[in-house]
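Written out below as structure tokens is the structure these notes cover.
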Amino acid sequence: MPIVDLHAHTTFSDGTSSPSEVVHAYLMAGVQIMSITDHDTLEALPQAKELTKKAGILFVPGVEISSCEHDHLHILGYNIDPQNKLLKEALAQNRENRNIRAKKIIKQLQEAGVNITEEEVFKLVRNVASRAHIADAIRNKKITSSRQEAFRKFLIPGKPGYVPNEGLKVCEVISIIKQAGGKAFMAHLGIVQEYWNFPAWVNSGLDGIEVYYPSHKQAMREELLKLAKKYNLLISAGSDHHGKKSGRDNAPGLQVPQEVFDSIKQNLCK
Ligand SMILES: [Zn+2]
Ligand SMILES: [Zn+2]
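First residue of the sequence shown? That's 2 in the working numbering, and the numbers climb one at a time after it.
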């Protein structure tokens, strides 16, 4: 079966690998079509485009945009116009919200006796701040032994460093991707099942869903495939690769049926 992967992060957001390391890993994994989908930034795309061209991998420029509705309710945008004004403003606002959120989290952690500073966190940030950078700062201070442990102990709802996300609603994000000429896909819906709202999303212009995802078991895949059929949505596959020591170092590439590969190639590869 062909191998594709439309979901990956680099050091421009919360991944631990540079664009060239990501492309190399994807080449080694035999991925035929790939995307880079950093959180709320398009910065890695020009070099990723060059690198994939040299590697002979079909490239789909992407972005993963956060919503305020849940920490994991994310929308993937493919083939967006990077110069689109509304999109650029939305991404800039999301990045600013991330900085504000990170500062609030650091303050709450300090009040709870977890001694990390803004400087220790922000020196780890290349382009887009995320909770992963705070987790890494906690780990660097040996307060925990890994990024995941820092999340579990301090950064998830109910823990002292939790601050809810602010920003756009899912439908607003979908509309922005659409008016920037892109295709909007819901990411990893299996981990946010209680927030599904297909009628509203489809109404806003949703194009597709990430059916193939490492944590989606067969039952989830089948359910999402049914929904894709019902709402006439495209199907995609993504590993959400974040690189080594990220705690989310899912292997690059997912095998998909030939018809899914053909549909991705036809609808997303330009
Ligand atoms: Zn995500
Ligand atoms: Zn992701």
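Just so it is clear, CB atoms sit at the ideal spot from N, CA and C, and this is done for glycine as well. Please read all numbers here as calculations on a predicted model, not as lab measurements.
Going by the CB atoms, is the gap between residue j and residue i shorter than 9 Å?
i	j	result
Ser180	Pro3	First, the residue type needs correcting, since residue 180 is Gln and not Ser in the sequence shown. It is not a contact, given that the beta carbons lie outside the stated cut-off.
Ala113	Ile135	no
Ile175	Ala185	yes
Leu125	Asp137	yes
Thr17	Arg96	no
Arg99	Ser68	no
Leu87	Ile177	yes
Pro20	Ala56	no
Lys142	Glu121	yes
Leu269	Tyr27	no
Val171	Asp39	no
Ile58	Met35	yes
Val23	Gly244	yes
Val212	Leu226	yes
Would you kindly work out how many angstroms separate the C-alpha atoms of residue i and residue j, rounded to a whole number?
i	j	result
Pro158	Val164	8 Å
Val261	Leu7	12 Å
Ile107	Val115	9 Å
Gln194	Glu44	30 Å
Ile139	Arg132	11 Å
Leu169	Phe199	17 Å
Arg153	Arg222	27 Å
Gly162	Gln109	6 Å
Tyr214	Glu224	13 Å
Lys54	Ala151	38 Å
Under 8 Å by Cβ, that's how I've got residue i and residue j pegged, so tell me the actual separation to the nearest angstrom.
i	j	result
Glu65	Leu77	5 Å
His71	Ala188	So it is not a contact: roughly 11 Å between Cβ atoms.
Ala238	Val61	Not a contact, Cβ separation roughly 12 Å.
Gly10	His242	Checking the displayed sequence, the identity of residue 10 turns out to be His instead of Gly. So it is a contact: roughly 7 Å between Cβ atoms.
So the beta strand (DSSP E) residue i belongs to, where does it begin and stop?
i	result
Phe186	Lys184 to Met187
Ala220	Taken as a continuous stretch (DSSP letters only), Ala220 belongs to no beta strand (DSSP E), being part of the alpha helix (DSSP H) at Gln219 to Lys231.
Ile236	Leu235 to Ala238
Val212	Gly209 to Tyr213
Ser21	Run containing Ser21: none in the beta strand (DSSP E); it sits in the alpha helix (DSSP H), Pro20 to Met29.
Provide the residue span of the alpha helix (DSSP H) that contains residue i, from first to last.
i	result
Asp263	Gln259 to Leu269
Ile177	Val171 to Gln180
Legend entry - Entirely enclosed alpha helix (DSSP H) segments - the segment 124-155, minimum 4 residues: 132-141 and 148-151
Inset, instruction - Identify every run of the beta strand (DSSP E) within the segment 48-126, keeping only runs that are complete inside it and at least 3 residues long; order them along the chain. - result: 59-67 and 75-79
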